[in-house]
Amino acid sequence: MTVDAPPSWATTIPHEPGVAKPDPILVVDGVNRRFGGLLAVDVGHLEVQRGAITALIGPNGAGKTTLFNLLTGFDNPDSGSWRFAERDLSGVPAHRVAHHGMVRTFQLTKSLALLTVMENMKLGATRQRGERFWGALLRPLWRGQEKEIEERADALLERFKLSHVRDEFAGALSGGQRKLLEMARALMVQPELVMLDEPMAGVNPALKQSLLSHVKQLRTEGMTVLFVEHDMDVVYDISDWVVVLAQGRVIAEGPPAAIGANPKVIDAYLGTHFAEGGGEALGELGPDERLEVDQVGLGEPLTPGGAADA
Ligand SMILES: Nc1ncnc2c1ncn2[C@@H]1O[C@H](COP(=O)(O)OP(=O)(O)O)[C@@H](O)[C@H]1O
Ligand SMILES: [Mg+2]
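Going by our numbering, the sequence shown wraps up at 559, each residue one higher than the last.
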């Protein structure tokens, strides 16, 4: 495991929950989400540094996926607001959030099994473009867009080594290939911020290395990454900054080395995490199972109050 030196901002700002970052792309204020009697998310203030890789860690049920759902418009908070790239995105629905440059993947892959890999890729982009260009008057322009979209998709498939399965049904891919497809598809909107919910969970070690280098590459290209991860080796390896969530709250923040040594974190997370016998891929199948096709913009976002609860 090679650990890159932390960026200078990470060593100069205080290592405390809610600390201001020098150049935040995302600023969250007072976001609460209640499910019945459970306060699943209770984030007072959180800033995500632009151009950095930030890991969001915490025990199962800490509220990580729920926070992702809220920030990306798949769920609505009971209170709170957030700004992404200087724009208030609170209350903006999922497909428009992606359009503004903030895109997420799911803990469980959501590729559409009965569509081909290429069709999945196109869906990652067409909904946004379609809305802008759907008018019959602009039909020729739309066709031009489609060609450009297909070229972009092919370039991404090449980069993620999926070109050879371009015309296969997504359902025929291995679990690892679906993870790659999901990341590739997220990039179709040319996002500024990519939010990855357990991108490495359940993939074999070789593919994990490949996913890791893809995530680092996003940062090299100037994108910001916020990712949920249980495997602390992965967190140490690729993150510039770590945010620890427990019972919905940010209980610690800092560069990876400082986080690993923080007694609060060891208590709240690492202790229980390792006591449970887990090293990696401990992510439970969370409520985001219900979101199904929403990621590609075909469905309606979850209604507040968790109406879809079984
Ligand atoms: N739609 C929902 N309805 C009821 N409870 C939910 C719902 N979504 C999440 N929860 C609960 O909120 C808490 C946080 O869940 P989640 O965000 O999935 O945690 P994490 O991703 O950190 O494991 C858990 O206790 C979970 O059971
Ligand atoms: Mg989760």
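Even for Gly, the Cβ is constructed at its ideal location relative to N, Cα and C. Predicted model, so just to flag it, every value in this text is computed and none were measured.
Going by C-alpha distance, which of the options is nearest residue i?
i	options	result
V280	N325, A304 and A269	N325
V443	L275, L406 and A507	L275
P255	K513, G373, D482 and G503	G503
Q298	F317, A334, A455 and V341	A334
S257	A301, D278 and S462	A301
G425	A435, Q458 and I398	Q458
D482	T365, M472, R336 and A506	A506
P263	K513, G285, L430 and A501	A501
L287	D327, F323 and S423	D327
Taking buried to mean at least 16 other C-beta atoms within 10 Å of its own C-beta, is residue i buried or exposed?
i	result
L338	buried
G497	buried
R381	Because R381 sits at a pLDDT of 45, beneath the cut-off of 50, its placement in the model cannot be relied upon, and the following sentence gives the value as read from the coordinates. By the 10 Å Cβ count, R381 comes out exposed.
D272	exposed
K428	buried
T261	exposed
P454	exposed
G312	buried
E265	exposed
L363	exposed
Given this structure, state the Cα-to-Cα distance separating residue i from residue j, to the nearest angstrom.
i	j	result
T321	E470	22 Å
R401	D516	46 Å
G267	L494	11 Å
D416	K396	16 Å
D568	G393	Missing from the structure shown is residue 568; the chain here goes from 250 to 559 and no further.
R485	L460	Reading off the sequence shown, one finds Tyr at residue 485, where the question assumed Arg. The alpha-carbon atoms of Y485 and L460 are separated by roughly 15 Å.
R345	H413	31 Å
Q356	I306	13 Å
A269	L295	8 Å
L411	L430	8 Å
T314	E399	31 Å
Any heavy atom of ligand 2 closer than 7 Å to the CB of residue i?
i	result
D278	no
V493	no
V438	no
K465	no
Q458	no
Mind checking whether the beta-carbon of residue i lies closer than 7 Å to any heavy atom of ligand 1?
i	result
N281	no
T303	no
F284	yes
G451	no
L287	yes
Cβ-heavy atom distance between residue i and ligand 3 below 7 Å?
i	result
L445	With respect to small molecules bound, the structure shown includes ligand 1 and ligand 2 and not ligand 3.
Any contact between the segment 426–440 and the segment 486–505? By contact I mean 3 or more CB pairs, one from each, below 8 Å.
Output reads no: the segment 486–505 does not touch the segment 426–440.
Is it true that the segment 443–452 meets the segment 351–370, where meeting means three or more beta-carbon pairs spaced less than 8 Å apart?
Pairwise C-beta distances place the segment 443–452 in contact with the segment 351–370, as three or more of them are shorter than 8 Å.
Are the segment 404–422 and the segment 360–376 touching by the rule of at least three beta carbon pairs closer than 8 Å?
Counting Cβ pairs under 8 Å, three or more are found: they touch.
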